Amino acid sequence: MNINEKIRELFKRKYKLKTREGQIFRRNISKTDEVLNEIQEHHNHSWYSELYERNKDNLDSVALIYRGNEITYGEMFEKIKEYAKSLKKMGVTSNSEIPVCVSNCPEIVYILGAASMIGASVNIFGPKFPEDYVTEIINGCNSDVAFIDDTAYEHIGNAVRNSKIKKVVMPTLRDSLKDDFDPNEEKDHFENKVHLYKQSNDQIVSQDDFIEYGRDYAGPIEEKVDIDKDFIITYTSGSTNEKRPKAIVHSSRCYITVARYHNKDLNGGFVLKPYTFLSLIPTYSNSNILSIVSDSLMQGAKLAFEPNYNPDAYLDSLIMHDPHYVAATKSFWVHIAKKILMNPEYKNTKLRNLFLAFSCGESFEVNEEKLINKALKKVKAGTNVTHTPFSIVRMSEAGGDCEHGSIFYTLFRSYSNQLPSNKKRGEAGGMGTFDFVEFAILDENGNRLGKNQMGRIVANSPCTMKYYKNNEEATRSFFITDAEGKEWADLKVYGFVDDSRKLHMKGRIPSKEEIYPPFMIAKEILKDTKNILSCEVIKDEETGLYIAHIEFQPMTHRSPEYILSSADKRCAKIMQTLGSTMYYRVRKGSEAFPLTGSGKRSVPLLKAEGLTDNCVKPVYYGTECVLEKYQPEKGMVKRKIK
Numbered sequence: 001m002n003i004n005e006k007i008r009e010l011f012k013r014k015y016k017l018k019t020r021e022g023q024i025f026r027r028n029i030s031k032t033d034e035v036l037n038e039i040q041e042h043h044n045h046s047w048y049s050e051l052y053e054r055n056k057d058n059l060d061s062v063a064l065i066y067r068g069n070e071i072t073y074g075e076m077f078e079k080i081k082e083y084a085k086s087l088k089k090m091g092v093t094s095n096s097e098i099p100v101c102v103s104n105c106p107e108i109v110y111i112l113g114a115a116s117m118i119g120a121s122v123n124i125f126g127p128k129f130p131e132d133y134v135t136e137i138i139n140g141c142n143s144d145v146a147f148i149d150d151t152a153y154e155h156i157g158n159a160v161r162n163s164k165i166k167k168v169v170m171p172t173l174r175d176s177l178k179d180d181f182d183p184n185e186e187k188d189h190f191e192n193k194v195h196l197y198k199q200s201n202d203q204i205v206s207q208d209d210f211i212e213y214g215r216d217y218a219g220p221i222e223e224k225v226d227i228d229k230d231f232i233i234t235y236t237s238g239s240t241n242e243k244r245p246k247a248i249v250h251s252s253r254c255y256i257t258v259a260r261y262h263n264k265d266l267n268g269g270f271v272l273k274p275y276t277f278l279s280l281i282p283t284y285s286n287s288n289i290l291s292i293v294s295d296s297l298m299q300g301a302k303l304a305f306e307p308n309y310n311p312d313a314y315l316d317s318l319i320m321h322d323p324h325y326v327a328a329t330k331s332f333w334v335h336i337a338k339k340i341l342m343n344p345e346y347k348n349t350k351l352r353n354l355f356l357a358f359s360c361g362e363s364f365e366v367n368e369e370k371l372i373n374k375a376l377k378k379v380k381a382g383t384n385v386t387h388t389p390f391s392i393v394r395m396s397e398a399g400g401d402c403e404h405g406s407i408f409y410t411l412f413r414s415y416s417n418q419l420p421s422n423k424k425r426g427e428a429g430g431m432g433t434f435d436f437v438e439f440a441i442l443d444e445n446g447n448r449l450g451k452n453q454m455g456r457i458v459a460n461s462p463c464t465m466k467y468y469k470n471n472e473e474a475t476r477s478f479f480i481t482d483a484e485g486k487e488w489a490d491l492k493v494y495g496f497v498d499d500s501r502k503l504h505m506k507g508r509i510p511s512k513e514e515i516y517p518p519f520m521i522a523k524e525i526l527k528d529t530k531n532i533l534s535c536e537v538i539k540d541e542e543t544g545l546y547i548a549h550i551e552f553q554p555m556t557h558r559s560p561e562y563i564l565s566s567a568d569k570r571c572a573k574i575m576q577t578l579g580s581t582m583y584y585r586v587r588k589g590s591e592a593f594p595l596t597g598s599g600k601r602s603v604p605l606l607k608a609e610g611l612t613d614n615c616v617k618p619v620y621y622g623t624e625c626v627l628e629k630y631q632p633e634k635g636m637v638k639r640k641i642k
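With the first letter of the sequence shown counted as 1, position 562 gets the number 562 in this note's numbering; the numbers rise by one all the way through.
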């Protein structure tokens, strides 16, 4: 029996999974084909063209909100046109790829719209990427013009100066503020630094000068663009490779298809036009561009921007913007839940408009969900919008990595958890998909599995990336062929489909030598929902030992000895099978889980920390349980002094 067969047997025993005939899972096939054909026939154009067609009768409505400044759809389109004229005059063409490093502010929409209007593509990267990688990204674009905002330039100025770029258009976080805006409380974030940077780099052009440059351009602006032309290049989250995240290429088809499926005739009449979305996740994440920036504007909704991406600032941002819809990582939600429940400063906080609170980008356990939902209940989230039975909003969930787009989702997940099918299985509610998504579960030989069979999740949809830029090897490994010769995009995770065709993602596919994937060990530890909040299990490659990074529930009254000894007993059989030992690293306060630039827990940083004397193991002396430290230099434990 090989490793994959062992894993499936373990899951079969654990979840009582049944064996059924292999299949492709897709709903309402005839209607889906009809809609996709209609998109090809009537929407075969640029992202800008689709955006304008959807909002040409909506020009007086508010499109963008930025620190109290409201910008209408008409004003937004006028600014896009100004940007497009200047780009054309600067020589940017439909074959150009423009490097962009701009925060969540209205200017990111103007750049996307203008580039799309003239048929160009944009390469959106992060300011915290390594300097040599930034230079490589910029030099890999064929545009002489780059957009770098002043806060980003502070980090990547050397990389920009070392690149081949000739003109740096520098928007600032002040450009779209009202004239009477008082930035004193956020001075570091909104201080205009363009004049400082221009002293050392004469390539820099302010936004005002950039717009003025194209004022007299009289040539054609809008280009006819095929829906499948490369449009946006974003980057992976960095949870597995934070130093050099891979560049993901998407066409306009991804964004236009999702927009079409949010129309009333396809989504059952759930209209988001009156509501406010909050753009918070970094702009180099396709999840933000697709599900927040593009989706909100395609629906004629309001899009508010938060340029300060920091878990400590997240709750204040929610209070300030008071959005109806926001997506953030689980780690961000956990952070503010603890603030709401434990910090007296926020005891009277109310978020009555927040009826769509989405968790995205990370697996989501009931332990964390309980804490977050308790916090949402305390702030009366969504009570201005929802009615019975959703009197108090519960956490929703979105899934699918940046390569696939946010193709899986669950609204009001806690309510779906209470369905009889989920209670019977002892599982949280699985995730649904858009009808345009087809997916399958494959075994290690590429055979398609049926419902309730554990295997590798693969999916295809118009949201699937086209390829990784400059990385043919990674692209080849991303697209795999099943036993019947059909090509799929690999999600690289285990999961199964339940009887309701809901998808359950269980965790990353492990290395070949791992009988128990780390997420299965974490599952045992997380059974203690009252005392344990979060857990990430890491295997230390040097010693072969396992480290469970644990955060306790903030309001637990149990001792660390009790919590960890109970967890150790639950994992004893697994550790015996593995022939290994588990150590526990309790994370709290300033030692909370380290995050990537996209706000997800950083696996590389947890692995890099390795086994230290912060790691402990429960040891019994008679009836007394003592937590003994790992002593790295001797490879042994040392009794902890109480």
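Backbone N, C-alpha and C define an ideal beta-carbon position, used for all residues, glycine too. Since this is a predicted model, take the numbers as computed values, not measurements.
Counted within 10 angstroms of its Cβ, other Cβ atoms place residue i as buried (16 or more) or exposed
i: Arg601; result: buried
i: Ala572; result: exposed
i: His45; result: buried
i: Glu621; result: Inspection of the sequence shows that residue 621 is occupied by Tyr rather than by Glu. That one is exposed.
i: Ser317; result: buried
i: Ser559; result: exposed
i: Ile233; result: buried
i: Arg253; result: buried
i: His557; result: exposed
i: Glu345; result: exposed
i: Lys642; result: Confidence at Lys642 is low in this model, with a pLDDT of 39, below 50, so its placement is unreliable and the value that follows should be read with caution. It counts as exposed.
i: Arg587; result: buried
Same chain, Cβ closer than 7 Å to residue i, neighbours up to 5 away in sequence not counted
i: Lys607; result: Ile538
i: Asp613; result: Lys629, Tyr630, Gln631 and Pro632
i: Lys273; result: Gln299, Gly300 and Ala301
i: Ala483; result: Asn445, Gly446 and Asn447
i: Pro323; result: Thr276, Phe277, Leu278, Ala304, Asn353 and Leu354
i: Tyr255; result: Trp47, Leu290 and Ser294
i: Cys625; result: Glu561, Ser565 and Pro618
i: Lys264; result: Val271
i: Gly330; result: At residue 330 the sequence reads Lys, which differs from the Gly that was named. Hits under 7 Å: Ser359, Glu362, Phe364 and Glu368.
Reference residue i; option with closest CA among the options
i: Leu376; options: Ala398, Asn367, Met582 and Arg352; result: Arg352
i: Lys469; options: Gly140, Ser116 and Val603; result: Gly140
i: Lys178; options: Glu136, Val393, Leu627 and Pro106; result: Pro106
i: Ala489; options: Ile457, Ile509 and Ser279; result: Ile457
i: Ser598; options: Tyr73, Phe125 and Asn452; result: Phe125
i: Asp312; options: Ala159, Asn343, His324 and Val326; result: Asn343
i: His155; options: Tyr197, Ala440 and Ala114; result: Tyr197
i: Gln207; options: His404, Lys370 and Lys79; result: Lys79
i: Leu611; options: Ala592, Gly589, Leu627 and Tyr584; result: Tyr584
i: Arg67; options: Lys166, Phe129, Arg174 and Ile336; result: Arg174
i: Ala159; options: Pro171, Lys31, Asp132 and Asp265; result: Asp132
i: Ile223; options: Ile372, Asp180 and Ser116; result: Note that residue 223 is Glu in the sequence shown, not Ile. When only C-alpha atoms are compared, the closest one is Ser116.
i: Gln418; options: Val366, Ala327, Ser534 and Phe439; result: Val366
i: Lys229; options: Glu75, Val100 and Ser96; result: Ser96
Own chain partners of residue i with C-beta closer than 8 Å, once the 5 adjacent residues on each side are dropped
i: Ala259; result: Glu50, Arg54, Ser294, Asp295, Met298 and Gln299
i: Ile407; result: Gly399, Gly400, Thr433, Phe434, Val437, Ala459, Ser461 and Cys463
i: Ile521; result: Val537, Tyr546, Ala548, Cys571, Ile574 and Met582
i: Ala474; result: Lys246 and Tyr468
i: His321; result: Ile65, Thr276, Leu278, Ala304 and Glu306
i: Lys640; result: Confidence is the limiting factor: at Lys640 the pLDDT is only 46, short of 50, which leaves the residue's position unreliable and the question unanswerable from this model.
i: Val102; result: Ile108, Ile111, Ile124, Phe147, Ile148, Asp149, Ala152, Pro171 and Thr283
i: His404; result: Ala459, Ser461, Cys463, Thr464, Met465, Ala489 and Leu491
i: Ser414; result: Glu369, Asn373, Arg394 and Met395
Sequence-distant residues of its chain with Cβ nearer than 6 Å to residue i (five each side left out)
i: Lys347; result: none
i: Val169; result: Phe147, Val205 and Phe210
i: Lys380; result: Lys350 and Arg352
i: Glu487; result: Phe479 and Thr481
i: Pro517; result: Gly507 and Pro510
Whole-Å CB distance - residue i paired with residue j, under 8 Å assumed
i: Lys338; j: Pro594; result: Not quite, the Cβ-Cβ distance comes to about 17 Å (not below 8 Å), so this is no contact.
i: Tyr494; j: Gly455; result: 7 Å
i: Leu627; j: Glu524; result: The pair is not a contact, with the Cβ atoms about 19 Å apart (cut-off 8 Å).
i: Leu87; j: Ile118; result: 6 Å
i: Ile281; j: Ala327; result: 7 Å
Please list the segments of the alpha helix (DSSP H) lying wholly inside the stretch 415-461, counting only runs of 4 or more residues, in order along the chain.
Whole alpha helix (DSSP H) segments, 4+ residues: 420-425.
Which residue spans inside the stretch 269-297 form an unbroken beta strand (DSSP E) run of at least 3?
Taken in chain order, the complete beta strand (DSSP E) segments of 3 residues or longer contained in the stretch 269-297 are 276-279.
Mind listing, in chain order, the continuous alpha helix (DSSP H) runs of no fewer than 4 residues lying wholly within the stretch 483-545?
Secondary structure in the stretch 483-545: the alpha helix (DSSP H) runs of 4 residues or longer, each lying completely within the stretch, are 518-525 in chain order.
Any alpha helix (DSSP H) of 4 or more consecutive residues that is wholly inside the stretch 95-183:
Runs of the alpha helix (DSSP H) lying entirely within the stretch 95-183 and spanning at least 4 residues, in chain order: 106-117, 131-139 and 150-161.
Jot down the residue ranges of each uninterrupted alpha helix (DSSP H) in the stretch 541-617, minimum 4 residues, whole runs only, in chain order.
Here the runs fully enclosed are 560-578 and 603-609.
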